[in-house]
Amino acid sequence: MYHTYVRSRVRRLFEAVSRGDAEPVLRLFAPRFEHVFLGSHALGGSRTTMAATREWYARLHRLLPDIRFDLTRIWVSGGPWKTTVVIEWDETNSGTDGVRTTNYGIHALELRWGRATRLIICPAEPLPLTLDRLAAAGIAEAHAPPITD
Numbered sequence: 556m557y558h559t560y561v562r563s564r565v566r567r568l569f570e571a572v573s574r575g576d577a578e579p580v581l582r583l584f585a586p587r588f589e590h591v592f593l594g595s596h597a598l599g600g601s602r603t604t605m606a607a608t609r610e611w612y613a614r615l616h617r618l619l620p621d622i623r624f625d626l627t628r629i630w631v632s633g634g635p636w637k638t639t640v641v642i643e644w645d646e647t648n649s650g651t652d653g654v655r656t657t658n659y660g661i662h663a664l665e666l667r668w669g670r671a672t673r674l675i676i677c678p679a680e681p682l683p684l685t686l687d688r689l690a691a692a693g694i695a696e697a698h699a700p701p702i703t704d
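Per this note's numbering, the very first residue in the sequence shown carries number 556; after that it's consecutive.
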């Protein structure tokens with residue numbers, strides 16, 4: 556029953572991000588957390604403060620305003636005191652230049668009593684190519700330094 560609830564909640568969180576609303580995700584984080592996006596690019600890096608994480612989601616939506624996720628698998632392990640969730644996804648976006656691209660990846664999420672203590676996002680290789688394309692089209696933020704704290 557608990558694992559079913561977690562899967563449902565994860566789906567709703569991805570739906571919110573796909574609508575451009577990061578607030579449900581931000582409310583999920585515990586007072587102490589780590590938000591990591593693997594890679595050396597404008598969306599890469601690690602954040603441990605709400606201000607930096609909020610700015611990261613704002614940048615995500617500025618660069619990829621119509622980002623949409625299709626969750627292909629959700630694995631849940633553990634009890635409420637320590638839950639591990641792995642989400643496999645396909646993603647589509649048009650960037651800010653209107654070129655439709657796809658990507659896939661994995662989110663690894665650690666929950667403790669329903670609050671996220673660690674989120675690691677592992678995208679596939681097409682994302683840096685999308686950011687390079689956006690930068691070439693004049694979107695300077697696509698090559699900005701990562702948001703970290």
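The beta carbon of each residue, even a glycine, is placed where N, CA and C say it ideally should be.
Which one or two residues does DSSP pair with residue 659 in a beta bridge? Checking the DSSP bridge columns, you'll see residue 659 partnered with 645.
Candidates 696, 703, 619, 645, of which the one nearest residue 629 by Cα: Across the set 696, 703, 619, 645, the C-alpha of 645 shows the shortest separation from the C-alpha of residue 629.
Return yes when the Cβ of residue 675 is within less than 7 Å of the Cβ of residue 591, no when it is not. Yes, the pair counts as a contact, with Cβ atoms nearer than the cut-off.
Starting from residue 627, trace the beta strand (DSSP E) in both directions and tell me its first and last residue. First-last of the beta strand (DSSP E) with residue 627: 623 to 634.
Does the stretch 565 to 584 come close enough to the stretch 679 to 686 that 3 or more CB-CB pairs lie under 8 Å? Cβ pair count under 8 Å is below three, so no.
Taking a contact to mean a Cβ-Cβ separation below 7 Å, would you say residue 618 touches residue 695 in this structure? Cβ distance not < 7 Å, so residue 618 and residue 695 don't count as in contact.
Are residue 657 and residue 647 touching if we call contact CB-CB under 7 Å? Inclusion of residue 657 and residue 647 in the CB contact set at 7 Å is warranted, their separation being smaller than that value.
Quick check on residue 640: does DSSP put it in helix, strand or coil? In the structure shown, residue 640 adopts extended strand secondary structure according to DSSP, grouped into three states.
Relative to the alpha-carbon of residue 664, which residue among 560, 556, 565 has its alpha-carbon at the smallest distance? When each option's Cα is compared against that of residue 664, the closest is 565.
Helix, strand or coil for residue 609 per DSSP? In the structure shown, residue 609 sits in a helix (DSSP, three-state: H, G or I).
Pull up the CB-CB distance for residue 620 and residue 669, whole angstroms please, since I reckon it's below 8 Å. Contact between residue 620 and residue 669 fails: their C-beta atoms lie close to 30 Å from each other, not under 8 Å.
Answer with buried or exposed for residue 586, where buried requires no fewer than 16 other C-beta atoms within 10 angstroms of its C-beta. Residue 586 should be labelled exposed.
Which residues in the same chain have their Cβ closer than 7 Å to the Cβ of residue 679, if we skip the five residues on either side of it in sequence? When the five nearest sequence neighbours on each side are left out, the beta carbons in the same chain lying within less than 7 Å of the beta carbon of residue 679 are those of 658, 659, 660, in order along the chain.
Can you list, in chain order, the residues of its chain with a C-beta nearer than 7 Å to that of residue 610? Leave out the 5 residues immediately preceding and following it. Excluding five sequence positions before and after residue 610, the CB atoms of its chain that fall closer than 7 Å to its own CB belong to 702, given in chain order.
Checking 7 Å against the spacing of the C-beta atoms, do residue 699 and residue 613 come in under that value? No. Outside cutoff.
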